[in-house]
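Below you'll find the structure, written out as structure tokens, and then a few comments.
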Amino acid sequence: MTSGNSSDTSVKHLSHSPIQQLGIKIVVRYGRFLGLLKDDSDQELSVLLMRCERFMKQQQTTISSSLCCQQGGYVGHDWFASTAFLIMSGDGERTIKFLQQFSSLLTSAFLWLPRLHSSIHLSVESAESGIHPVYSCTAYYIEMLLKSEVPLVFSAFRMSGFTPSQICQHWLAQCFWNYLNWTEIGHYIAICIILGPDYQVYMCIALLKHLQQEILHHMQTQDLQVFLKEEAIHGFHVSSYLEFMGNLEHSYRTTILTEMKNIKS
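Residue numbering for the sequence shown follows UniProt numbering, beginning at 1 and increasing consecutively.
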């Protein structure tokens, strides 16, 4: 991923989709609310996202697929790059340098969803299917661990007619925006980078464990899916669940991390 004014100039003629434009407005508004961004951050973020998109396209493979989501670039807003932009207080160059280094880590495959869209780093079958490793790998182990570690919550989902992985995929695709407060979003990214990508799975299990009483209540009132998709997660602190997640790591890391490393096969 190149940096410098020349690359800024070369992407300014490109345009964002309506979804991306809306995403930029949300990010800048939130960044101003947090006191992290200045009033003129819209253009800086716009250029950053264009440069990220161009970087992704350089690593996309040519695939034959009739799926609409596989025609062109990643469909949706890049919430991870936007989160990095806020962490860097709106400094586009610092964000680019971070993303460039971050992209070499296995963790980037799971935290930065657009990173592996139709990517050369996936098997041909995976790239053509449009099934991201967060769905095929992370979601699978969320189901497996939840059934074993928090069985009441697992049963509540079954009785409600949908899966916990559906909700977790929704959370992860948005990098927990609209669900966790800013501090905990930062902690989520930090533990996955420092402790390993398998902590993405443990984080979701910890969140569902934290929400157990609410989940059981909303199962009975038959509005569980609405509750989990529309309500923020209150009172959750990563620090309070580090021991719990560490125990999950001790029990499951070998299996999960091996699977994550094999996403190309």
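Glycine is no exception: its CB is placed at the ideal position from the N, C-alpha and C atoms.
Notebook entry, point to check: Closest by CA to Tyr30, which one among Thr83, Ile167, Cys192?
Noted result: The residue given as residue 30 occupies position 30 in the sequence shown. Per the Cα distances, Thr83.
Margin query: Measuring only the C-alpha atoms, how far is Trp112 from Cys192?
Written below: What you label residue 112 is simply residue 112 of the sequence shown in a count that begins at 1. What you label residue 192 is simply residue 192 of the sequence shown in a count that begins at 1. Those two C-alpha atoms are separated by around 11 Å.
Notebook entry, point to check: On the three-state DSSP scale, how would you describe Tyr179?
Noted result: Taking the first residue of the sequence shown as 1, we reach residue 179 at position 179. Tyr179 falls in the coil class under three-state DSSP.
Next item on the list: Would you kindly check if the distance between the Cβ of Val134 and the Cβ of Phe102 is under 7 Å?
Entry: To locate residue 102, count along the sequence shown from 1; it is residue 102. To locate residue 134, count along the sequence shown from 1; it is residue 134. Result no, Cβ atoms of Phe102 and Val134 do not sit closer than 7 Å.
Item checked: Buried versus exposed, by CB contacts within 10 Å (16 or more), residue 282 -> A query on residue 282 cannot be resolved here, the shown segment of the chain reaching from 1 to 265 and no further.
Item checked: Neighbourhood of Glu259 by C-beta distance below 6 Å, restricted to the same chain and skipping five residues each side -> In the sequence shown, the residue the question calls residue 259 occupies position 259. Excluding positions up to five away in sequence, the list reads Cys137.
Check: Among His237, Leu49, His218, Leu45, which residue has its Cα nearest to the Cα of Lys229?
Finding: The residue given as residue 229 occupies position 229 in the sequence shown. For Lys229, the nearest C-alpha among the options comes from His218.
Check: Expressed to the nearest angstrom, what Euclidean distance is found between the alpha-carbon atoms of Gly246 and Leu99?
Finding: Counting from 1 along the sequence shown, the entry for residue 246 is found at position 246. Counting from 1 along the sequence shown, the entry for residue 99 is found at position 99. Rounded to the nearest angstrom, the two C-alpha atoms are 27 Å apart.
Margin query: Once DSSP output is grouped into helix, strand and coil, what is the label at Ser17?
Written below: Indexing the sequence shown from 1 puts residue 17 at position 17. Coil.
Next item on the list: List the endpoints of the continuous alpha helix (DSSP H) containing Glu93.
Entry: Sequence index remark: in the sequence shown, residue 93 carries index 93 (1-based). Start and end: 92-102.
Item checked: Thr138 (DSSP reduced to helix, strand or coil) -> If you number the sequence shown from 1, residue 138 lands on position 138. Reduced to three states, the DSSP call for Thr138 is helix.
Checklist line | Leu216 vs Ala156 beta-carbon contact at 7 Å | finding: Mapped onto the sequence shown, residue 216 falls at position 216. Mapped onto the sequence shown, residue 156 falls at position 156. Yes. Within cutoff.
Check: Gly246 lies in the alpha helix (DSSP H); which residues open and close that run?
Finding: One-based indexing of the sequence shown puts residue 246 at position 246. Unbroken alpha helix (DSSP H) run through Gly246: 242-261.
Next item on the list: For Met56, I'd like the list of residues in its chain whose CB is within less than 6 Å of its CB, leaving aside the five on either flank, ordered along the chain.
Entry: Counting from one through the sequence shown, the residue named residue 56 turns up at place 56. So the list reads Pro114, once near-sequence residues are dropped.
Note to self: At the level of alpha carbons, what is the spacing between Cys69 and Cys52?
What the structure shows: Counting from 1 along the sequence shown, the entry for residue 69 is found at position 69. Counting from 1 along the sequence shown, the entry for residue 52 is found at position 52. Because the pLDDT of Cys69 is 48, which lies under 50, any placement of that residue in the model is unreliable, and the question is left without a value.
Check: By DSSP, does Glu231 sit in helix, in strand, or in coil?
Finding: Numbered from 1 along the sequence shown, position 231 holds the residue referred to as residue 231. It is coil, neither helix nor strand.
Notebook entry, point to check: How many Å lie between His250 and Leu48 at the Cα?
Noted result: Position 250 of the sequence shown, counting from 1, holds the residue named residue 250. Position 48 of the sequence shown, counting from 1, holds the residue named residue 48. When rounded, the distance between both Cα atoms is 38 Å.
Check: Given a threshold of 16 other Cβ atoms within 10 Å of its Cβ, counted over all protein chains shown, does Leu116 qualify as buried or as exposed?
Finding: The sequence position of residue 116 within the sequence shown is 116, counting from 1. By the neighbour-count rule (16 or more Cβ atoms within 10 Å), Leu116 is buried.
Checklist line | Whether Val238 touches His187 by CB criterion (7 Å) | finding: For this step, residue 238 is matched to residue 238 along the sequence shown. For this step, residue 187 is matched to residue 187 along the sequence shown. Closer than 7 Å, so yes.
Check: Roughly how many angstroms lie between the CA atoms of Ile194 and Ala81, to the nearest whole one?
Finding: Within the sequence shown, numbered from 1, the residue matching residue 194 stands at position 194. Within the sequence shown, numbered from 1, the residue matching residue 81 stands at position 81. So the two alpha carbons sit approximately 18 Å from each other.
Next item on the list: Excluding the 5 residues preceding and the 5 following Leu172 in the sequence, name in chain order all residues of the same chain whose CB lies nearer than 6 Å to its CB.
Entry: As a working mapping, residue 172 is identified with position 172 in the sequence shown. Hits under 6 Å: Val134.
Margin query: Can you tell me whether Asp223 is helix, strand or coil according to DSSP?
Written below: Translated into positions along the sequence shown, residue 223 becomes position 223. Coil.
Notebook entry, point to check: At what residue ranges does the segment 22-53 contain a whole run of the alpha helix (DSSP H), taking only runs of 4 or more?
Noted result: none
Margin query: I need the boundaries of the alpha helix (DSSP H) containing Ser160, first residue and last residue.
Written below: Locating residue 160 in the sequence shown gives position 160, counting from the first residue. Ser160 -> alpha helix (DSSP H) spans 151-160.
Notebook entry, point to check: Can you tell me the Cα-Cα spacing of Thr163 and Trp182, whole angstroms?
Noted result: As a position in the sequence shown, residue 163 is number 163, starting the count at 1. As a position in the sequence shown, residue 182 is number 182, starting the count at 1. The straight-line gap from Cα to Cα measures roughly 26 Å.
Item checked: Closer than 6 Å: Leu146 CB and nearest the ligand MG heavy atom -> In terms of ligand content, the structure shown is empty, and the ligand MG therefore cannot be addressed.
Next item on the list: Go ahead and pull the three-state DSSP assignment for Gln200.
Entry: Position 200 of the sequence shown, counted from the start, is the residue given in the question as residue 200. Reduced to three states, the DSSP call for Gln200 is helix.
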